[in-house]
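Residue numbers (the working numbering), protein chains in the order written: chain A, 249 to 605; chain B, 249 to 605.
There are 2 protein chains.
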Amino acid sequence: MKKLINAVEDVVKEQLEGMAAAHPDLLKVHFEPNFVYRADAPVQGKVALVSGGGSGHEPMHGGFVGLGMLDGACPGEVFTSPTPDQMYECARTVDGGAGVLFLVKNYTGDVLNFETAAELAHGDGIKVQSILIDDDVAVKDSLYTAGRRGVGTTVLAEKIVGGAAEAGYTLQQCADLCRKVNQYGRSMGMALTSCTVPAAGRPTFELGENEMEIGIGIHGEPGQKRLPLATADEITAMLTNEILDDRPYTRTVREWDNDKGEWVEKELTDEPFQAGDRVIAFVNSMGGTPVSELYAVYRKVKEICDGKGVRIVRNLIGPYITSLEMQGCSITLLKADDEIVRFWDAPVKTPGLRWGV
Amino acid sequence: MKKLINAVEDVVKEQLEGMAAAHPDLLKVHFEPNFVYRADAPVQGKVALVSGGGSGHEPMHGGFVGLGMLDGACPGEVFTSPTPDQMYECARTVDGGAGVLFLVKNYTGDVLNFETAAELAHGDGIKVQSILIDDDVAVKDSLYTAGRRGVGTTVLAEKIVGGAAEAGYTLQQCADLCRKVNQYGRSMGMALTSCTVPAAGRPTFELGENEMEIGIGIHGEPGQKRLPLATADEITAMLTNEILDDRPYTRTVREWDNDKGEWVEKELTDEPFQAGDRVIAFVNSMGGTPVSELYAVYRKVKEICDGKGVRIVRNLIGPYITSLEMQGCSITLLKADDEIVRFWDAPVKTPGLRWGV
Numbered sequence: 249m250k251k252l253i254n255a256v257e258d259v260v261k262e263q264l265e266g267m268a269a270a271h272p273d274l275l276k277v278h279f280e281p282n283f284v285y286r287a288d289a290p291v292q293g294k295v296a297l298v299s300g301g302g303s304g305h306e307p308m309h310g311g312f313v314g315l316g317m318l319d320g321a322c323p324g325e326v327f328t329s330p331t332p333d334q335m336y337e338c339a340r341t342v343d344g345g346a347g348v349l350f351l352v353k354n355y356t357g358d359v360l361n362f363e364t365a366a367e368l369a370h371g372d373g374i375k376v377q378s379i380l381i382d383d384d385v386a387v388k389d390s391l392y393t394a395g396r397r398g399v400g401t402t403v404l405a406e407k408i409v410g411g412a413a414e415a416g417y418t419l420q421q422c423a424d425l426c427r428k429v430n431q432y433g434r435s436m437g438m439a440l441t442s443c444t445v446p447a448a449g450r451p452t453f454e455l456g457e458n459e460m461e462i463g464i465g466i467h468g469e470p471g472q473k474r475l476p477l478a479t480a481d482e483i484t485a486m487l488t489n490e491i492l493d494d495r496p497y498t499r500t501v502r503e504w505d506n507d508k509g510e511w512v513e514k515e516l517t518d519e520p521f522q523a524g525d526r527v528i529a530f531v532n533s534m535g536g537t538p539v540s541e542l543y544a545v546y547r548k549v550k551e552i553c554d555g556k557g558v559r560i561v562r563n564l565i566g567p568y569i570t571s572l573e574m575q576g577c578s579i580t581l582l583k584a585d586d587e588i589v590r591f592w593d594a595p596v597k598t599p600g601l602r603w604g605v
Numbered sequence: 249m250k251k252l253i254n255a256v257e258d259v260v261k262e263q264l265e266g267m268a269a270a271h272p273d274l275l276k277v278h279f280e281p282n283f284v285y286r287a288d289a290p291v292q293g294k295v296a297l298v299s300g301g302g303s304g305h306e307p308m309h310g311g312f313v314g315l316g317m318l319d320g321a322c323p324g325e326v327f328t329s330p331t332p333d334q335m336y337e338c339a340r341t342v343d344g345g346a347g348v349l350f351l352v353k354n355y356t357g358d359v360l361n362f363e364t365a366a367e368l369a370h371g372d373g374i375k376v377q378s379i380l381i382d383d384d385v386a387v388k389d390s391l392y393t394a395g396r397r398g399v400g401t402t403v404l405a406e407k408i409v410g411g412a413a414e415a416g417y418t419l420q421q422c423a424d425l426c427r428k429v430n431q432y433g434r435s436m437g438m439a440l441t442s443c444t445v446p447a448a449g450r451p452t453f454e455l456g457e458n459e460m461e462i463g464i465g466i467h468g469e470p471g472q473k474r475l476p477l478a479t480a481d482e483i484t485a486m487l488t489n490e491i492l493d494d495r496p497y498t499r500t501v502r503e504w505d506n507d508k509g510e511w512v513e514k515e516l517t518d519e520p521f522q523a524g525d526r527v528i529a530f531v532n533s534m535g536g537t538p539v540s541e542l543y544a545v546y547r548k549v550k551e552i553c554d555g556k557g558v559r560i561v562r563n564l565i566g567p568y569i570t571s572l573e574m575q576g577c578s579i580t581l582l583k584a585d586d587e588i589v590r591f592w593d594a595p596v597k598t599p600g601l602r603w604g605v
């Protein structure tokens, strides 16, 4: 295992110490339970956004804490869900009186623990809502998830809803916007190589020298299919076409009802893309793929979108939701209406994304 | 060879096409000869900054074209110097009448070709100055270089001198500031793994499963020593101490004299760091190392600097001067006076660095 780490059991702690040392103007780190939060939290009167999940996907989520994005982020151990006490303590720390929105990626552990945290926070009188991100078109039901996994749209949702919260959106408005972003976003990823979880000490899976995995998740869980290595254009076409040609997707989600103090089930259907749509295109590195290769991918994404009458109006290209040192990429397309573009363009100042300030 | 590429001979061209497609608001790409330049070039009355070098180090240099940084960047083939006609045509395109500053990393091919380009531009009546970046403390004289190689300080120089040019510095003032930044900056890098140049199709060098290379250059050229794999703290201490304990470094550089129209040799001595210095600390990924590991490294850099009375006042952490998918990191420390901090903080809007706008 070749990594810049010290003792395996200190990996997450030392990364958090590094973040705290590097960005005291932006964020603070609370240890035991571990969470990262805005240096100026709580921001009175602003809805607070809290996300979290296993470590190993940096800069998501801790690197997105700061003005215009998250108020708090709860890191678990590598590829392991954080615990309800992390989420609950984080929510208490960042709540500025306008309530807390949990952005939850669809992995069973994250979902269950954020549900418990929402109930704990509600018991304390904190207004809470919770929106699930489930945007991965590759597989329905996988090793860690019932339904579609939560991947790249999470980054875009944190930016867009973060901008809206900064602009004074209420908790209900933030939740509605976040749900819309999730319904408008679709992603798919692929791996050229595996990654190694420090505690395991060996690659999560084996891929032959001439193989690749299409439709992989961010924990190295199996994808849709294993294929012979293909060109960048072929790979990009596989991912982009699967996203653009996706059918309507219906599932039941659970959201917290603040007034009733109970979980409510909702049936949601995501409509597919169509010609004439404007989109934000996000080409993401799984960690080990350099940005130079992402530009070759973006070039083909744009060509395919142009060919189908889907117009890319904004883009994001780089390593933002990663799987340690895994080589590969993921593509996310997000249908972008005026509200979404407005908050995408809003100022953001975090370690991982920064513009306008 | 596992990469997101199409035909090996199209790698650089397709990356440039991707950049042009992704960032039309920031930059344009000229093909044959290849160079990237600001979308609004030439900026009348502003000194134009031009850099360049082999591809494979992205986002450097093309990703640093835009407001507050470079006006033009000339990419060679992977790990291969660009040619004088690229640099000359780029200079002609971006010159806004206030002259062109070449920022040249110290590699023999780059140095010779930028010298030819300076003479060609001078022949056209363009005012030119050229500053060499040679900040790598690891080795003196290597496979590709006489003297110290140009590495991480290049990124910082492009940002800082870019800010000064935007603020109205003359060509002479920009050159003087750039020379100072180079003399104030020192870097050292290490590799956990090799990288593979597409045209070669196999790793540039072999490193055993329990080996690392200390003092490596950005082309995978041999470093100072090959050692058994060590911890992040041990590796960080090796690099940081070598930088902080460096002795005065004297060498002769050649700079273009605009008035005389000839090359002039200057002897330059860089003074070492001392307690009380303020510095910008730059922890860089060689490409394949994820940002999470860089934070563990930064934590130790800060501890060592604190212990020696060197105060980090700004930092940059991420993949900015890379070697394709190589795993490893480099550390750059730059002594920061008020002028340097002022222009570090100035607005920048490029694909690779963006803040304040």
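Ideal Cβ placement from N, Cα and C applies to all residues, glycine included.
- In the structure shown, Gln-377 (chain A) falls within a strand segment according to DSSP collapsed to helix, strand and coil.
- In terms of Cα proximity to Ala-405 (chain A), the closest of A:Gly-604, A:Ile-588, A:Gly-600 and A:Pro-595 is A:Ile-588.
- Contact between the region 295–306 of chain B and the region 562–571 of chain B is present: three or more C-beta pairs spanning the two stretches fall below 8 Å.
- Chain order gives no chain B residues near Lys-353 (chain A), where near means a beta carbon separation below 7 Å; the closest approach is about 17 Å.
- With fewer than 16 other CB atoms across the displayed protein chains lying within 10 angstroms of its CB, Pro-272 (chain A) is exposed.
- Every beta strand (DSSP E) stretch that sits fully inside the region 489–543 of chain A and reaches 3 residues is listed by chain position as 497–505, 510–518 and 526–533.
- Contacts with chain A (Cβ-Cβ distance below 8 Å) from the region 301–316 of chain B involve Ser-303, Gly-304, Glu-306, Pro-307 and Gly-311, listed in chain order.
- In this structure, Thr-418 (chain B) lies away from Gln-575 (chain B), with their beta-carbon atoms at least 9 Å apart.
- With a cutoff of 9 Å on beta-carbon distance, Trp-592 (chain B) and Ile-528 (chain B) are scored as near each other.
- Apart from the 5 residues on each side of it in sequence, Phe-312 (chain A) sits with its Cβ closer than 6 Å to the Cβ of Leu-318, Glu-406, Thr-598 and Gly-600 in its chain, given in chain order.
- Rounded to whole angstroms, the gap between the alpha carbons of Cys-322 (chain A) and Glu-325 (chain B) is 43 Å.
- Scanning its chain for C-beta atoms nearer than 6 Å, with the 5 sequence neighbours on each side dropped, one finds around Tyr-432 (chain B) the residues Leu-582 and Lys-583, in chain order.
- Around Val-342 (chain B), the same chain offers Tyr-285, Ala-289, Pro-290, Ala-296, Asp-319 and Gly-320 as residues with beta carbons nearer than 6 Å, after the five sequence neighbours per side are excluded.
- In chain order, Met-249, Lys-251, Arg-450, Pro-451, Thr-452, Leu-572 and Glu-573 place their CB closer than 8 Å to the CB of Thr-444 (chain A), counting only its own chain and leaving out the 5 sequence neighbours on each side.
- Annotation: Phe-312 (chain A) is outside any beta strand (DSSP E) and is labelled neither H nor E by DSSP.
- Ranked by Cα distance from Ala-268 (chain A), the first of B:Tyr-546, B:Cys-338, B:Gly-566 and B:Lys-556 is B:Tyr-546.
- In this structure, Asn-532 (chain A) lies near Gly-437 (chain A), with their beta-carbon atoms less than 9 Å apart.
- Nearest CB-CB separation between Asn-563 (chain B) and chain A: below the 9 Å threshold.
- Interface annotation for the region 458–488 of chain A against chain B: Leu-477, Thr-479, Ala-480, Asp-481 and Ile-483, criterion Cβ-Cβ distance under 7 Å.
- A contact between stretches requires three or more CB pairs, one per stretch, nearer than 8 Å, and the region 326–337 of chain A meets this requirement with the region 363–372 of chain A.
- Your pair Cys-426 (chain B) and Val-399 (chain B) does not check out as a contact, with CB atoms roughly 15 Å apart and the cut at 8 Å.
- In the DSSP assignment, Gly-266 (chain A) falls within the alpha helix (DSSP H) that extends over 259–270.
- Looking only at B:Gly-266, B:Gly-468, B:Ile-579 and B:Ser-299, the smallest Cα-Cα distance to Thr-484 (chain A) is reached by B:Gly-266.
- Listed along chain B are Arg-547, each with a C-beta nearer than 7 Å to that of Glu-265 (chain A).
- Val-512 (chain A) counts as exposed, since fewer than 16 other C-beta atoms from the protein chains shown sit within 10 angstroms of its C-beta.
- Distance from the Cα of Pro-446 (chain A) is smallest, within the candidate group A:Thr-328, A:Arg-590 and A:Gly-604, for A:Thr-328.
- A straight-line Cα-Cα distance of about 58 Å links Ser-378 (chain A) and Pro-496 (chain B).
- Between Ala-369 (chain A) and Val-348 (chain A) the beta-carbon gap is near 6 Å, inside 8 Å, which marks them as a contact.
- For the pair Thr-356 (chain B) and Thr-393 (chain B), the Cα-to-Cα distance works out to about 5 Å.
- At a cut-off of 9 Å between beta carbons, Val-539 (chain B) contacts chain A.
- Against chain A, the beta carbon of Leu-440 (chain B) has neighbours under 7 Å at Lys-250, listed in chain order.
- Cβ-Cβ distances below 8 Å link Asn-282 (chain A) to Val-260, Lys-261, Leu-264, Cys-322, Pro-323, Pro-330 and Gln-334 in the same chain, with the five nearest sequence neighbours on each side left out; the list follows chain order.
- Where Val-352 (chain A) is concerned, the enclosing beta strand (DSSP E) starts and stops at 348–353.
- Thr-479 (chain A) carries a coil assignment under DSSP once its states are collapsed to helix, strand and coil.
- Taking a 10 Å sphere around the C-beta of Phe-279 (chain A), we find fewer than 16 other C-beta atoms and assign the residue as exposed.
- What Trp-603 (chain A) touches in chain B, judged by beta-carbon distance under 8 Å, is Lys-597, Arg-602, Trp-603 and Val-605, going in chain order.
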